[in-house]
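S.K.: Here the protein sequences line up with chains A and B, keeping their order.
In this text, residue positions in the first sequence follow our numbering: the first is 31, and each later residue adds one.
In this text, residue positions in the second sequence follow our numbering: the first is -3, and each later residue adds one.
Backbone N, C-alpha and C define an ideal beta-carbon position, used for all residues, glycine too.
Input: one structure, supplied below.
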Amino acid sequence: MIVKPISYNDINVNKMLEIRNLHKSYPIGDSSLHVLKGINLTVEDGEMVAIMGSSGSGKSTLLNIIGMLDEADSGEYILDGLPIKNLTEKKAALYRNKFLGFIFQSFNLINYKTALENVALPLYYQGMSRKERQELAMFHLGKVGLTEWSHHLPKELSGGQKQRVAIARALAANPKLLLADEPTGALDSGTSYEIMKFIQDLNDEGKTILMVTHEEDIANMCKRIVRLRDGVIMEDTKITQVRAQQYV
Amino acid sequence: MFDLDLWREIFQSINKNRVRSLLSGFTVSFAILLFVILFGIANGLKNTFKEAFGNDALNRVFVNSGRTVSASEGLQAGRRIQFKNEDYNFIKDEFQDKVEFITGQINKNVNASFRNEKNNYNVRAIHPDHQFIENTEIKEGRFINQNDLNNTTKVVVIGRLVEEDLFLQTKALGKYINLSGIPYKIVGVFADDGGDSEERLIYMPITTAQRVYGNNDDIDQITLTYNPELNYDQALAFSNLLTSKLKDRFSVSATDQRAIRVHNLATEAKRVNIFNLALTSIILIIGLGTLIAGVVGISNIMIFIVKERTKEIGIRKALGASPRSIVSIILIECIIVTTIAGYVGLLIGFGVLKLSGPGLAAYMIKDPYVSTSLVISATITLILAGAIAGYFPAKRASNIKPIVAIRNE
Ligand SMILES: Nc1ncnc2c1ncn2[C@@H]1O[C@H](COP(=O)(O)OP(=O)(O)OP(=O)(O)O)[C@@H](O)[C@H]1O
Ligand SMILES: [Mg+2]
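Okay, here's the thing in structure tokens:
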């Protein structure tokens, strides 16, 4: 397959991200495991994309690279017009902070901080004043319905509540792109739909969302499904979104 | 720049991770505590040793006389050698450049009384130099001076305890004390850290004693200090020469060990110095040892802390923390914990020394103490070591890919 290199004239302001011929392999002992074998993907502003594929197909790897938590071996990745390549750690930190929101399957809340403090943390790294931070964090906790739980530690919250705190935290910094790696993977279906409702609401407000999921019903609540197999995109289809509201 | 938020973050982390903070603090406290106690004990030993020698000059030479053991130059054995004023003058003139201070001495036991108080004391009749040889500390008035000797005045300088015994609560200075029936004017009161017996002495001009107790010019003993610039070998050579000159002067056989006895403290002084050197080395080794143990401890803890916090570091990075903020949060936390813990160790250490000090006296440890500045330097060393030891793992952790850090369990 011949891949045309991206020229900067091509960059459409509406493109949230563009990936060309992306490769990634992990060293395993002496050999290496080639996980991503030339991924090409373009996501427009405001899309809601589900990434699917069998276990070990490289979904998380791809999402982590998009989220700048990991680096590709080769290929191009352009995020909102900015080529992501050889960035200094300082610059990368700035982009993670301002551009990207991350939701993990295992929540990844800081265990000794309260829900409110966890949500306020990205704002701290934005240099916002303490008062503003707390107000904004409180606002986002309110949006996910956790006002009452703001002063609880993660260990005092249920899985669904923890994930809602994580969503509030991902949203607090007002990122352009929200990345979620199996956000409902650790939750029962009822709670999963609740979480999906929040995510759909966010998408309705204009946020671009990429999420990895195993579950077809969750994927169907997105607007586009990308399927990975053997390190390449095997299928990429737009679908009609199923609203989560009706299941809540 | 004072960043209130940064400090809040750090204090929260210290406070919420109490076990971790306490464990790392404990190591530092313990190291400093050990440092203070061991150092204190070593210093206490040193004090005991110092005290054993009092504050008397260590460059002293004692000259005593006795009976001859062997006949010589036609004189019989068993002859008694008696020093006179002229012998005192002879030494003074002959060894002008070697002798620093010199005094003759006559000892007498007297019944002393003031009003209704009576007691038995030793009188030491001496030359004015005696004050510098014994390091007598004048509390009130003055010591015996040359004028007293020239005029054979009936004056005395009494020890602090004599004043306490006889004068009760009143001042002795200027009053007259009765010594075996003769009144003497008290011109001075002295203190001496050589112990109680030293403070129950009465000093008198040597000429006065000579006139009162026999109307002669006998001297029982001559004590002198040699020029402190003489080294050990020179000091020994000096006392050997002094011995042979005195033996010649009294026609005593060169092999006679009894008739003229010259005892030079230089030999002891040398031993004292060697012991002091050994003690100082031990103290240094103890100090360095504890510090190294502390440094190793704090380094391990820092590595452990960074490892434990790796996941948190990954999360913070995913949320946009710069590597610098990660390093500073870890380092400042380490410095705060070490500082507080070091201070606690220092306080406990000082407390232990203070409480156990009196009890330790029985084990040859007197006034165990450590200078605050030394302990503070030790603490600062630990803080710096902790900061350096923490910096590298923190730096490494701040630079690993966030996803690798987050996956770390
Ligand atoms: N850090 C790593 N070192 C070595 N191999 C890795 C590493 N991370 C992932 N892999 C391997 O790469 C492959 C893809 O992993 P990835 O986590 O992207 O899969 P996934 O599609 O998200 O799977 P799942 O659905 O189980 O989460 C897997 O075979 C995995 O074992
Ligand atoms: Mg995965």
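(1) What's the call for Lys237 of chain A, buried or exposed, on a 16-neighbour Cβ count within 10 Å?
(2) Pull up the distance between the alpha-carbon of Ile41 of chain A and that of Gly190 of chain A, whole angstroms please.
(3) Let's see if you can read the secondary structure: which residues bound the alpha helix (DSSP H) around Leu208 of chain A?
(4) Counting along the chain, where does the alpha helix (DSSP H) carrying Val348 of chain B start and finish?
(5) Report the rounded CA-to-CA distance for Ile239 of chain A versus Met226 of chain A, giving the unit in angstroms.
(6) Please confirm whether Leu47 of chain A and Leu109 of chain A have their CB atoms less than 8 Å apart.
(7) Hey, is Ser90 of chain A close to ligand 2, as in C-beta under 7 Å from one of its heavy atoms?
(8) Spell out the partners DSSP gives Gly184 of chain B in its beta bridges.
(9) What are the residues in the stretch 132 to 152 of chain A lying within 7 Å of chain B by C-beta distance?
(10) With DSSP as the reference, label Arg254 of chain B as helix, strand or coil.
(11) What residues in the stretch 103 to 123 of chain A have a beta carbon less than 7 Å from any beta carbon of chain B?
(12) Whole-angstrom Cβ separation of Ser25 of chain B and Gly341 of chain B, contact assumed at under 8 Å?
(13) Could you round the C-beta distance between Ile98 of chain B and Asp125 of chain B to whole angstroms and report it? I think they count as a contact, below 8 Å.
(14) Would you call Ser219 of chain A buried or exposed, if buried means 16 or more other Cβ atoms sit within 10 Å of its Cβ?
(15) Helix, strand or coil: which one does DSSP assign to Met251 of chain A?
(16) Would you say Leu315 of chain B and Tyr155 of chain A are within 8 Å of each other, going by their C-beta atoms?
(17) For Arg126 of chain A, decide whether its Cβ has a neighbour in chain B, counting only Cβ atoms nearer than 8 Å.
(18) If contact means a Cβ-Cβ distance below 7 Å, which residues of the stretch 377 to 400 of chain B contact chain A?
(19) For the stretch 299 to 327 of chain B, which residues have a beta carbon sitting closer than 9 Å to at least one beta carbon of chain A?
(20) Indicate whether at least one CB of chain A lies closer than 8 Å to the CB of Ile402 of chain B.
(21) Residues of chain A with CB under 8 Å from Asp1 of chain B, in chain order?
(22) Against chain B, with Cβ distances strictly below 8 Å, would Glu165 of chain A count as a contact?
(23) My guess is that Leu349 of chain B and Val32 of chain B are in contact by the Cβ rule of under 8 Å, so how many angstroms apart are they, rounded?
(24) Thinking just about the alpha-carbon of each residue, which of A:Leu208, A:Ile229, A:Glu245 and A:Leu201 is nearest to the one in Ala150 of chain A?
(25) Which residue wins for smallest C-alpha separation from Ile215 of chain B, given the options B:Gly40, B:Lys114, B:Phe22 and B:Phe79?
(26) Relative to the alpha-carbon of Ser295 of chain B, which residue among B:Leu378, B:Asn131 and B:Glu304 has its alpha-carbon at the smallest distance?
(27) Is His244 of chain A near ligand 1 - that is, is its Cβ less than 7 Å away from at least one heavy atom of it?
(28) Could you tell me which chain E residues have their CB closer than 7 Å to the CB of Asn94 of chain A, listed as they occur along the chain?
(29) How many Å lie between Glu133 of chain B and Ala27 of chain B at the Cα?
(30) Output the distance between the C-alpha atoms of Gly353 of chain B and Gly347 of chain B, rounded to the nearest integer angstrom.
(31) Any idea what DSSP makes of Gly68 of chain A, helix, strand or coil?
(32) Give the secondary structure of Asp214 of chain B by DSSP, where H, G and I count as helix, E and B as strand, and everything else as coil.
(33) Since Asp266 of chain A is in the beta strand (DSSP E), which residue starts that stretch and which ends it?
(34) Is the Cβ-Cβ distance between Ile69 of chain A and Leu93 of chain A less than 8 Å?
(35) Just to make sure I have the definition right: I need the residues of chain B whose C-beta is within less than 7 Å of the C-beta of Lys100 of chain A. Which are they?
M.R.: Judging by the given coordinates:
(1) buried
(2) Residue confidence is low: Ile41 of chain A scores 49 on pLDDT, short of 50, so the model does not pin down where it sits. No coordinate-derived value is stated.
(3) Run containing Leu208 of chain A: none in the alpha helix (DSSP H); it sits in the beta strand (DSSP E), Leu207 to Asp211.
(4) Pro319 to Leu356
(5) 11 Å
(6) yes
(7) yes
(8) B:Gly137 and B:Val153
(9) Phe132, Asn138, Ile140, Tyr142, Leu151 and Pro152
(10) coil
(11) Glu119, Lys120 and Ala123
(12) 4 Å
(13) 6 Å
(14) exposed
(15) coil
(16) yes
(17) yes
(18) Asn395, Lys397, Pro398 and Ile399
(19) Lys307, Glu308, Gly310, Ile311, Arg312, Lys313, Ala314, Leu315, Gly316, Ala317, Ser318, Pro319, Arg320 and Ser321
(20) yes
(21) Tyr154 and Arg160
(22) no
(23) 7 Å
(24) A:Leu201
(25) B:Phe79
(26) B:Leu378
(27) yes
(28) Checking the listed chains, one finds no chain E in this structure; the protein chains it contains are A and B.
(29) 41 Å
(30) 10 Å
(31) strand
(32) strand
(33) Val262 to Lys268
(34) no
(35) According to the sequence provided, residue 100 of chain A is Asp. The question's Lys does not apply to it. Chain B residues near Asp100 of chain A: Lys397 and Ile399.
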